[in-house]
Amino acid sequence: EFCKYQQIFGFGEYTGIDLPGDALGILYSPENMGTVDLATNSFGQNFNVTMIQLAAGFCSLVNGGDYYEPHVVKEILDESGNVVENIQPVLKKRTISKETSDLLKSYMYSVVQNGSGKRAQVEGYDVGGKTGTAETVSASGTREKEDYVVSFLGYAPAEDPQIAIYVVLNRPNAR
-9 EFCKYQQIFG
1 FGEYTGIDLP
11 GDALGILYSP
21 ENMGTVDLAT
31 NSFGQNFNVT
41 MIQLAAGFCS
51 LVNGGDYYEP
61 HVVKEILDES
71 GNVVENIQPV
81 LKKRTISKET
91 SDLLKSYMYS
101 VVQNGSGKRA
111 QVEGYDVGGK
121 TGTAETVSAS
131 GTREKEDYVV
141 SFLGYAPAED
151 PQIAIYVVLN
161 RPNAR
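Using our numbering, you'd call the opening residue of the sequence shown number -9 and step up by one each time.
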């Protein structure tokens, strides 16, 4: 079931983004996932997805459940500034119901209003999001107890998301 939902949200697949470097990430399959792997995967450890995969899946969570192929370019202009081509959004699939999306948005709004994401509040905007913390892995493969990667994946406005942002800090100089 866990692996099925990773696939539903596009993890382990090329996104089709209009940038070089699209990658698959590193995931377990049901055949090679043990109980400890499933437990650690459930809170985000021991698998890797790309930032674009995570952002695209996140956007489907907050937009009502529609998963769009991510893209950077909205339109192409000629040397005179005339639109040569409009790049239309490509709806790929449905990930969750609107009701589930609304529930998750209320949780993420609470993270920013009352929880670990308070510093993501922006005056004049209702922001929702999710914080993350991961211990780093050293070259020897051991987790370092004092070095972390911290992140925030957020959106605004909370009721009608128009923008998403993903911020990652590797070993921030704050304890």
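C-beta: ideal position from N, C-alpha, C; glycine also.
- Taking Y(-5) as reference, the option from Q35, R84 and N22 with the minimal CA-CA separation is R84.
- In chain order, D116 place their CB closer than 7 Å to the CB of E149, counting only its own chain and leaving out the 5 sequence neighbours on each side.
- Shown here for T5: same chain residues with a beta carbon closer than 8 Å to its own, the five before and five after excluded, namely D12, T40, I42, Q43, A46, E59 and P60 in chain order.
- In the three-state reduction of the DSSP assignment, Y58 falls in the strand class, which pools E and B.
- Minimum Cα-Cα distance from N160 among the listed residues T90, F142 and P151 corresponds to F142.
- Short of 6 Å from the beta carbon of G54, and not among the five residues preceding or following it, lie these beta carbons of its own chain, in chain order: K88 and S91.
- DSSP places G118 within a strand segment (E or B) once states are collapsed to three.
- One Cα belongs to G105, the other to I(-2), and the distance between them is close to 28 Å.
- In the structure shown, K64 adopts coil according to DSSP, grouped into three states.
- Taking C-beta atoms as the reference points, C49 and M23 fail to come closer than 9 Å.
- Using a Cβ distance threshold of 9 Å, K82 and Y99 do not count as a contacting pair.
- Residue pairing for T123: DSSP places it in a beta bridge opposite V140.
- Under the rule that a run must span 4 or more residues, the alpha helix (DSSP H) segments found entirely inside the region 63 to 116 read 88 to 104.
- Between V74 and D8, the gap from beta carbon to beta carbon reaches 9 Å or more.
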